[in-house]
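Novice: Here my numbering runs 25 ahead of the position in the sequence shown, where the first position is 1.
A virtual CB, placed ideally from N, CA and C, is assigned to each residue, including glycine.
Note that the coordinates shown come from a computational prediction; the quantities given were computed from them, not determined experimentally.
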Amino acid sequence: MLSAIAVRKAAQAALGSSQAPNSTQPSPPPTPSSLAPPPDVIREPKRNPNPPPSKRKSSSTNGKASRKSKKAKFLSERAPRTSRYFESKDVFEREEEVIMVESSSDSESDVEVQPVIPVSQTSVPLIAPAVGKGRTWSPSRPSSDEEAEEGSNPIVSMELPPYPQPSGYEPSQLSTFRPTPDFNFYDLSTEELSAMVLQNETSVLSIEREETLALLGTYALVILRGSVSILGVTLSASKVTHHVFAPRSAPIPILRCVALDIHADPDIHSLPSRIRNFQGGAVVAIQSLDAGIEGLGRICRVFDGVFEPSRWQRSSAEVIRPGVSLVTHSTRDVQPFVLPASWSIALSAADTLPPPEDPIPLSVYVVKGPKKSGKSTFARTLLNRLLARFHRVAYLECDVGQSEFTPGGLVALNILDSPIFGPPFTHPSRPYRAHYVGATSPRCSPAHYLAAIQALLEAYKLEVQTSILDESTDTRVTDVIPLVVNTMGWTKGLGADLNAKVEELAEPTHVFEIIGLEEKGWPTAPPTYGALPNEPAPSNAFQYTLEAIPPNSTNTHFNAVDQRNLNILSYFHAIFPSTLPSALAPIRQITATKWDTSLPLCARYPYEVDWSQTFDQVILIGTGYEDVIPSEILTVLNGAIVGLVECEPGTEDLPHPNPTDSLQFPYTQSRHPPMPLTSTCHGLALVRSISPSSSHMHVLTPVPPAVLARCRVIVKGELELPIWGMLDFRDANEGVAGEEKGRVPYLQWGKGEGLGGERRRVRRNLMRKAQM
């Protein structure tokens, strides 16, 4: 066998000798004695030939020989052991640090013998040995062979692209605007509010060109003069009031004064004389937004106080309006929204309209990418940019785990007519059409997931894409509604196949793919359309490759589970507008603008429903639900989240009722979910309690009563109510809804032992002979 390092060293030495001056004498070939490692390589353990005498009192001084002395005498007579019973002597302990390469030939006679050069004698270290800490003794310590293999093998140094690690945090400046009363900051009087047709108390801010303003909290924004950029969207002067939600759990928006829009009317608002003299820049109005969403922090304590400055920012934060604070610098829990350069280029190319003489094309935008890459943020920004050109935009949500407008477990088609400025829990909406998957991943029901998306795409093409909308006073396009498709972040294995099928069904005109970094540190390969079986063939769609958002630009204090739980709680506490789509305006956005957080879910007044008369059938979907027998259905539904589904008459086979049982629940075991082509899900409901004797159940849902009458089918999936929704935040020490803690169902109070925290019973009868 040959030494790979020795061959490499010999080649380097030969190359160096050929380039050296001729006066240098060539060194003779190494002899076997010269191959021995230097003295500092082999280290014998130092042993003291004369150990110090023991300080233990001799047994001869005592008249009686103790039991311990007899045992010690017995052990001293035994043959000494040089090593433990599980240790074996390492025959390679005194060898050099080399790597042996086996020859491909079966005979050793064909191998040419080459001189072996010790690693320690080389001048240029190509391979550095691993440096590790010495381990103390433990029963699980590896043998000497494993130690030599783990700690002595050389490590080859390779130039790999490192995964960006978070370095030392350096705060950045967010706001260059400094409020000065009666100079760039004005509190309007009652007369000025009436003249400007503003109802609530308002503060007016005049922002210079390229000046930035970062506000934390909830506020209403009105552009009085000029143009500002917020979350990648440019807003010009108008009478529209924009609701902005800026919690610390998401990147906060930065208002930046941009160039003046030449198409905007500069005198759309009658500004007071003290503000009218301001030349250049933009003038904005800030109002407090009394929506009640701050109360969600009392319900889900993880998000308590996210709309307020943190403890180390309260002293420096300046209050603009009640509930609105000025943030000057970023901190570890307050990060600004940053628009990467590739995103800005792609967004500018996507929202460009053709010349006026050309027809408006039917556009479908597909956004895909791995999780934690900013995919949903880019889709939301693209939606806002399109709303500046189109009167309405459709949004197809295919990510059942992190939905934008609905709770998790739904694939939904939403119609938007105004931009959204806030994270998903700040704008729960009633979808135009939706289907209940019942889980945060389509892993268990991929066929039903694809069928639901296909039905939504057909509804968009037949009912929404070229709908005749009501007349609008603005200059936006009204006869075409583009579509934004947000795919899920599961991009491996089955998830990649499902995303490829969704892209094939959508037939996109623009594809935005975000390339992120893998968790193990290896960057992903560039997109190769058509090179893999699960990749669609190249089409006429415009392909855009985008960079992922930096890892340090998001708040890591809140994970995906926390965001999902907050979305569910925000949905059940939301107050939706009572107006419903009419024949004159069949397509309209229905988004919650207020939240009722005064009472927990356990203390709110529910709907009392007679399930024997209200529901035609109950369906369970998900893993293991096919084994639920009819006698256990009431136990399964008690305290569960269900989907309220409307089916077309005559499309579903109803279960046959039992004439002898008047309280029989309309449930059939192992039933398939409703067909997406003939059904729709109007929302979710919480079954708070069931009375088997009276066939009544208490139901909590934000769906209006007029829509509830059409929901004759309920579907139970894997989605469950978060633990925060079961608690009573009014007084945690009194239990839940006046009941003692020990009598509250489904909850266990107290602190459990951690793993390994309990006392262990030591068994002395399972010992080896040498341990006795």
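(1) Under 8 Å by Cβ, that's how I've got PHE446 and PRO602 pegged, so tell me the actual separation to the nearest angstrom.
(2) For THR726, which of ALA734, CYS736 and GLY708 has the nearest alpha-carbon?
(3) What number of angstroms, rounded off, separates the C-alpha of PHE208 from the C-alpha of GLY305?
(4) For SER466, count the other beta carbons within 10 Å of its own beta carbon; 16 or more makes it buried, fewer makes it exposed. Which is it?
(5) Leaving out five residues on either side along the sequence, give the residues of the same chain with a beta carbon under 8 Å from the beta carbon of ARG735.
(6) Quick one: Cα of THR353 to Cα of GLU677, how far?
(7) Can you tell me whether VAL222 is buried or exposed? The criterion is at least 16 other CB atoms within 10 Å of its CB, across all chains shown.
(8) Within the segment 700-766, note down every full alpha helix (DSSP H) run reaching 4 residues or more, in order along the chain.
(9) Rounded to a whole number of angstroms, what is the C-alpha to C-alpha distance between GLN37 and ILE540?
(10) Taking DSSP as the reference, what is the three-state secondary structure of PHE537?
(11) From VAL309 to GLY348, what distance separates their C-alpha atoms?
(12) Does DSSP classify CYS627 as helix, strand or coil?
(13) Going straight from the alpha carbon of ALA271 to that of ALA464, what length do you get?
(14) For ASN302, tell me which candidate among GLN224, SER335, SER231 and SER252 has the shortest Cα-Cα distance.
(15) Do the CB positions of LEU591 and CYS325 come within less than 8 Å of each other?
(16) Does DSSP classify GLN694 as helix, strand or coil?
(17) Should ASP504 go down as buried or exposed, given a rule of 16 or more other Cβ atoms within 10 Å for buried?
(18) Since VAL253 and ARG281 should fall inside the 8 Å C-beta cutoff, what is the C-beta to C-beta distance between them, to a whole number of angstroms?
(19) Spell out the partners DSSP gives CYS423 in its beta bridges.
(20) Leaving out five residues before and five after GLY257 in sequence, what residues of the same chain have Cβ atoms less than 6 Å from its Cβ?
(21) What three-state label does DSSP hand ASN409 in the structure shown?
(22) Suppose the cutoff is 7 Å on Cβ atoms and the five residues either side in sequence are ignored; what does the same chain contact list for ASP621 look like?
(23) Is the beta carbon of LEU421 closer than 8 Å to that of LEU481?
(24) So, under 8 Å CB-CB, GLY664 and GLY434 are touching, yes? Tell me the CB distance rounded to an integer number of Å.
(25) Within 10 angstroms of its Cβ, does GLY322 collect 16 or more other Cβ (buried), or is it exposed?
(26) Between which two residues does the beta strand (DSSP E) holding ASN439 run?
(27) Please look up how many angstroms separate the CB atoms of PRO533 and VAL391, rounded, as I've assumed it's under 8 Å.
(28) Looking only at C-alpha atoms, which of THR451, PHE362, LEU411 and LYS393 sits nearest to ASP442?
(29) Does the beta-carbon distance from VAL425 to VAL436 come in below 8 Å?
(30) Looking at C-alpha atoms only, which residue of ALA366, ILE739 and HIS697 is the closest neighbour of THR648?
(31) Would you tell me roughly how many angstroms separate the C-alpha atoms of LEU645 and HIS723, rounded to the nearest one?
(32) Span of the alpha helix (DSSP H) holding ASP587?
(33) Whole angstroms are fine: how far does the CA of GLU216 sit from the CA of GLU544?
(34) In angstroms with no decimal places, state the Cα-to-Cα distance between VAL247 and VAL728.
(35) If you count every other CB in all the chains shown that lies within 10 Å of the CB of ASN47, and 16 or more means buried, which is it?
(36) Quick one, are the C-beta atoms of ALA566 and VAL536 less than 8 Å apart?
Specialist: Well, looking at it:
(1) About 19 Å separates the two Cβ atoms, so there is no contact after all.
(2) GLY708
(3) 14 Å
(4) buried
(5) Counting only residues of its own chain and dropping the five nearest sequence neighbours on each side, ARG735 has a CB closer than 8 Å to the CB of GLU671 and HIS707.
(6) 59 Å
(7) exposed
(8) Given a length threshold of 4 residues, each whole run of the alpha helix (DSSP H) inside the segment 700-766 is given here in chain order: 730-733.
(9) 42 Å
(10) strand
(11) 17 Å
(12) Here DSSP, grouped into helix, strand and coil, assigns CYS627 to helix.
(13) Computed Cα separation, rounded: 29 Å.
(14) SER231
(15) yes
(16) coil
(17) exposed
(18) The Cβ separation is near 6 Å, so the contact holds.
(19) Partner(s): none; CYS423 has no beta bridge.
(20) LEU364 and THR406
(21) Helix.
(22) GLY317, HIS598 and ILE600
(23) yes
(24) Here GLY664 is actually not in contact with GLY434; their C-beta atoms are around 16 Å apart, not less than 8 Å.
(25) buried
(26) 435-441
(27) 4 Å
(28) LEU411
(29) Between VAL425 and VAL436, the CB-CB gap stays under 8 Å.
(30) HIS697
(31) 19 Å
(32) 585-597 is the span of the alpha helix (DSSP H), which, as asked, contains ASP587.
(33) Note that GLU544 has pLDDT 47, beneath the 50 cutoff, so the model's placement of it is unreliable and no number is given.
(34) Between the C-alpha atoms of VAL247 and VAL728 there is a straight-line separation of about 31 Å.
(35) Caution applies to ASN47, whose pLDDT of 46 falls short of 50 and renders its modelled position unreliable; the value that the coordinates give is listed next. Exposed, by the Cβ-count rule.
(36) yes
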